[in-house]
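**Student:**
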Amino acid sequence: HVDEAMLTGEPLPSAKTMDDTVVGGTICQDGRLVVEATSVGRDTVLAHIIHLVESAQTGKLPIQGLTDRAVRVFTPVVLVIALTTFGVWIALTGNVSIALVAAVAVLVVACPCAMGLATPAAIMVGTGRAA
Numbered sequence: 013h014v015d016e017a018m019l020t021g022e023p024l025p026s027a028k029t030m031d032d033t034v035v036g037g038t039i040c041q042d043g044r045l046v047v048e049a050t051s052v053g054r055d056t057v058l059a060h061i062i063h064l065v066e067s068a069q070t071g072k073l074p075i076q077g078l079t080d081r082a083v084r085v086f087t088p089v090v091l092v093i094a095l096t097t098f099g100v101w102i103a104l105t106g107n108v109s110i111a112l113v114a115a116v117a118v119l120v121v122a123c124p125c126a127m128g129l130a131t132p133a134a135i136m137v138g139t140g141r142a143a
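Numbered according to the numbering used here, the sequence shown spans residues 13 to 143.
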């Protein structure tokens, strides 16, 4: 029996017989195992997994393009709303402090920074943990 948990996540070892494939890094739990290496270096399963994780972390998903476009539109709109809020509060109260607090509140509540940063961060963490 061979423990392939590091590769498959399966908690139970799998039975292997002659001519079965065994991946490097798996553990023979009982008996004797004689293997013949068929892949080395960049051709191994581990190398392919590393390549997939790296390409997933460096590539852009369609959702990232969507959030980038949304942030490009959303940011100027939020700035206009904040400036309008400031102007309305100045006109209504004449108090710069209250107007400034209201404008900053609009910026804090509608900050697109969270949207623009959260998507790539979530993808990086997700692919890293999945590997």
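Positions of the beta carbon are idealized from the N, C-alpha and C atoms, including for glycine.
#1: Between the beta-carbon of A115 and the beta-carbon of L95, is there less than 9 Å?
#2: With H, G and I counted as helix, E and B as strand and the rest as coil, what does DSSP make of D55?
#3: Would you list the residues sitting across from S109 in a DSSP beta bridge?
#4: Comparing C-alpha positions only, which one of G21, C123, V35 sits nearest to E48?
#5: On the CB-based measure, 16 or more other CB atoms within 10 Å of its CB, does L79 come out buried or exposed?
#6: Which residue's Cα is closest to the Cα of A17: D31, R81, C40?
#7: Taking V46 as the reference, which of D32, G53, A59 has the closest Cα?
#8: Measure the CB-CB distance between T38 and D55 and report whether it falls below 9 Å.
**Tutor:** With the given structure in hand:
#1: yes
#2: helix
#3: DSSP lists no partner for S109.
#4: V35
#5: Per the sequence presented here, residue 79 reads as Thr, with Leu not at that position. By the 10 Å Cβ count, T79 comes out buried.
#6: C40
#7: D32
#8: no
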